[in-house]
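J.: Its first residue numbered 903, the sequence shown is counted upward by one per residue in our numbering. Ideal Cβ placement from N, Cα and C applies to all residues, glycine included. Okay, handing you the structure first.
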Amino acid sequence: MNAIDMHSHFFPREWEDLGRRFGGEWPSMKHLGDGKAMVMVGQKEFRPVYAACWDAATRLEEMDRDGVDLQVMCATPVLFAYARPVAQALYCAQLFNDAGLELAAQGKGRLKTLCQVPLQDTDAACRELSRAMKAGHLGVQIGNHVGERDLDDAGILAFLQHCAAEGAAVLVHPWDMLGGVRTARWMMGWTVSMPAETQLSIVSLILGGGFDRLPKDLRICFAHGGGSFAFLLGRLENAWHNRDLARGKSALPPSRYTERFYVDSAVFDARALRLLVEVMGEERVMLGSDYPFPLGEQRVGKLIRDMEGLGDAARRKLLLDNARRFLGL
Ligand code: CO
């Protein structure tokens, strides 16, 4: 085995009309023919997608093209339903968790999955995680916040503790982005707000004392290279040392917590990846592409494979070994 892509997404070819079942606007798939489709939210176009989202053969073909041996798929944050009643979010989670396993079953052992859970309710989230782990998921994808609650929220910390106990890998994915109307144009929600969301989550977990309370064997990864975190760690560190107000509840300076989490490699720039490896360490960065979406790496693994100045041993860690450890394989 040479490479594991630990951050990719799927949509089933079709699924139950959740708007009819529950009311309100839910995502659905509008097929356009020729392997193309549009993900809709209510009547609004959300994202153009193609057959790789739902067709295992297309995925395997493109994995072969890119030299990816194993791919970890999760559903998409637009399906989290954290703002809905817990029963609806649980129903939705189970629907897509089972659909993910069905798609993985067609992947000749090369497709694995992370589940989703109704994170707005800690007990329901823990129960669905346990069910999903028994059914064959490797872990869980969670949104980086639930309304106003960040990752240092007591309920979310309890869920993360449960993940550690179950041996579930956790991928934290930004969603429900800050910025409102000011970032509504030109996909700035994705290009500007998403990295800030992810940074905010890491900082909340550190300064909220979350890492001090979580077990050391929790395997947790932040998407998109951890967003703005690595580049701005110096600013955070400086504030921690020089302003009491900025210190929060963390026992140690922020830079001491980089050994507690992973980030993926979806940063699209060799200079950014170099900085990321320097800040996080070569044990903590792993191939994650956001395949098969338009804002994902278009040739999965190319950034790592082509990066100059990265030794063979380190390259292997980024492409393979770190993901193996993170996923518990
Ligand atoms: Co993603």
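Does residue 970 come out as helix, strand or coil in the three-state DSSP assignment?
T.: coil
J.: Residue 993 bridges to which residues according to DSSP?
T.: Partner(s): none; residue 993 has no beta bridge.
J.: State the DSSP-derived secondary structure class of residue 930, mapped to helix, strand or coil.
T.: strand
J.: From this set, 997, 993 and 983, which residue's C-alpha is nearest residue 1022's C-alpha?
T.: 983
J.: With 16 as the cutoff for other CB atoms within 10 Å, does residue 904 come out buried or exposed?
T.: exposed
J.: Give the range of the beta strand (DSSP E) segment to which residue 1068 is assigned.
T.: Counting along the chain, residue 1068 falls outside any beta strand (DSSP E), though it belongs to the alpha helix (DSSP H) covering 1056-1068.
J.: Which residues bound the beta strand (DSSP E) around residue 1143?
T.: For residue 1143, no beta strand (DSSP E) run applies; the uninterrupted alpha helix (DSSP H) run containing it begins and ends at 1131-1144, by DSSP.
J.: Might you give, ordered along the chain, the residues of its own chain that have their beta carbon closer than 6 Å to the beta carbon of residue 1066, omitting 5 neighbours on each side?
T.: 1117, 1119 and 1120
J.: Please tell me whether, using a cut-off of 7 Å, the distance from the CB of residue 909 to the nearest non-hydrogen atom of the ligand CO is below it.
T.: True, at least one ligand heavy atom lies under 7 Å from that Cβ.
J.: Figure out for me which residue from 1130, 1155 and 1147 has the closest Cα to the Cα of residue 1168.
T.: Out of 1130, 1155 and 1147, the CA that lies nearest to the CA of residue 1168 is found in 1130.
J.: So, is residue 1093 buried or exposed, given that buried needs 16 or more other C-beta atoms within 10 angstroms?
T.: exposed
J.: If you draw a straight line from the alpha carbon of residue 925 to that of residue 949, how long is it in whole angstroms?
T.: Rounded to whole angstroms, the separation of the alpha carbons of residue 949 and residue 925 is 22 Å.
J.: How big is the Cα-Cα spacing for residue 1069 and residue 1134?
T.: 31 Å
J.: So who's on the other strand from residue 911, going by DSSP bridges?
T.: 976
J.: Any heavy atom of the ligand CO inside 7 Å of the beta-carbon of residue 1047?
T.: no
J.: What residues are listed by DSSP as bridge partners for residue 906?
T.: 972
J.: Can you tell me which of 1124, 1123, 1125 and 1159 puts its alpha carbon nearest to the alpha carbon of residue 1138?
T.: 1159
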